[in-house]
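Counting in the numbering used here, the sequence shown runs from 2 upward without gaps. Quick reminder that beta carbons are idealized off the backbone N, C-alpha and C, glycines included. Data first, discussion second: the structure below is written as structure tokens.
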Amino acid sequence: MARSFLGGIVAGFILFALGWLFWQTPLSGLAYTNLPDAQGAAVQTALAQNLTQTGTGTYRIPDPKSQQGALLFAKGPIATVDYNIDGFSPTGTAGLLPGLIVALGAGMLIAFGLGAVAAGRAFGGLARLVVFGSLGVCAWIFLATPIANHFGWGFWIYAFVAEAVSFIAAGLVVARWFVPRGHAAGAAPVAPDHVQEP
Numbered sequence: 002m003a004r005s006f007l008g009g010i011v012a013g014f015i016l017f018a019l020g021w022l023f024w025q026t027p028l029s030g031l032a033y034t035n036l037p038d039a040q041g042a043a044v045q046t047a048l049a050q051n052l053t054q055t056g057t058g059t060y061r062i063p064d065p066k067s068q069q070g071a072l073l074f075a076k077g078p079i080a081t082v083d084y085n086i087d088g089f090s091p092t093g094t095a096g097l098l099p100g101l102i103v104a105l106g107a108g109m110l111i112a113f114g115l116g117a118v119a120a121g122r123a124f125g126g127l128a129r130l131v132v133f134g135s136l137g138v139c140a141w142i143f144l145a146t147p148i149a150n151h152f153g154w155g156f157w158i159y160a161f162v163a164e165a166v167s168f169i170a171a172g173l174v175v176a177r178w179f180v181p182r183g184h185a186a187g188a189a190p191v192a193p194d195h196v197q198e199p
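Take a look at the structure:
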């Protein structure tokens, strides 16, 4: 228990550090398509004029639930907008503590999850579980989404790489140093190859 708890803390800090590297440094620019300042200001004005009344949220524009909206949606152009009515400083630190808390929670899930299946497994087996499990989950979350929603690929490929690397790194550290070792529960003792006759 203590080993898994410590592993969860370490994994959480790994997730947090790699999340900061991928999403809070200039490296994150690889994920986004940017507009010139004048066009960005024009779009921001349009957002303020049309979305402020309904507030912060995720919007499909135009809304395809109505007949007219469905026709416009099929015609294009379309957008999915994560709208924040207040905005925030791009260099602010308000999200650091909540982000660290979530990272530590995720690290605990990784550590206790691996601890639950570690008995009788060598590091190689756990490492394969970490790598293939992380790739599978991240592929479904980050690569299926642009297919289903007809999004551009740049952001989602970057997110897939960033999150897969983060989960694999955290999981491998836990698998190497912070899981219980021992024989698998319920494993039968191995009989000797030769039994000496009396």
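Requested in this report: Pick helix, strand or coil for Ala-186, following the three-state DSSP scheme.
Outcome: Reliability of the predicted coordinates at Ala-186 is poor, the pLDDT of 39 falling under 50, and the value obtained from them is presented with this limitation in mind. Coil, per DSSP.
Query raised in the report: Assuming Gly-108 and Ile-10 make a contact with CB atoms under 8 Å, what is their CB distance in whole Å?
Result: 7 Å
Query - 8 Å contact criterion, which Ile-62 and Ile-86 should meet: CB distance rounded - result: Their Cβ separation, rounded to whole angstroms, is 16 Å, which puts Ile-62 and Ile-86 out of contact at 8 Å.
**Report entry** Nearest candidate by alpha-carbon position, reference Asn-35, set Phe-156, Val-174, Ser-90 and Val-166
**Finding:** Phe-156
Query raised in the report: Can you tell me the Cα-Cα spacing of Pro-181 and Val-103, whole angstroms?
Result: 24 Å
Query raised in the report: Is Ala-119 closer than 8 Å to Leu-127 when the C-beta atoms are compared?
Result: yes
Query - Distance between beta carbons of Thr-59 and Asn-150, contact taken as under 8 Å - result: That pair is no contact at about 11 Å.
**Report entry** Ala-112 to Ala-12 span [Cα, whole Å]
**Finding:** 7 Å
Query raised in the report: Hey, Ala-140 and Phe-161 are a contact pair by Cβ (cut 8 Å); roughly how many whole angstroms apart?
Result: 7 Å
Report task. Rounded to whole angstroms, what's the CA-CA distance from Val-132 to Gly-20? Just pull it up for me. Result -> 18 Å
Query - Val-180, DSSP secondary structure in three states - result: coil
Report task. Name the one or two DSSP bridge partners that Tyr-60 has. Result -> Val-82
Query raised in the report: Does DSSP put Pro-147 in a helix, a strand or coil?
Result: helix
**Report entry** Residue environment, Phe-143, which counts as buried when at least 16 other CB atoms sit within 10 Å
**Finding:** buried
Query raised in the report: Cβ of Ser-167 within 8 Å of Cβ of Leu-16?
Result: yes
**Report entry** Contacts around Ala-188, its chain only, beta-carbon distance under 7 Å, and the 5 residues preceding and following it disregarded
**Finding:** Note that Ala-188 scores a pLDDT of 41, beneath 50, so its modelled location is shaky; the value from the coordinates is reported in the next line. Excluding residues within five positions, the ones whose Cβ falls inside 7 Å are Gly-121.
**Report entry** Asp-83 versus Gly-137 - alpha carbon distance
**Finding:** 26 Å
Query - Reference Thr-94, options Thr-146, Gln-25 and Phe-6, closest by Cα - result: Gln-25
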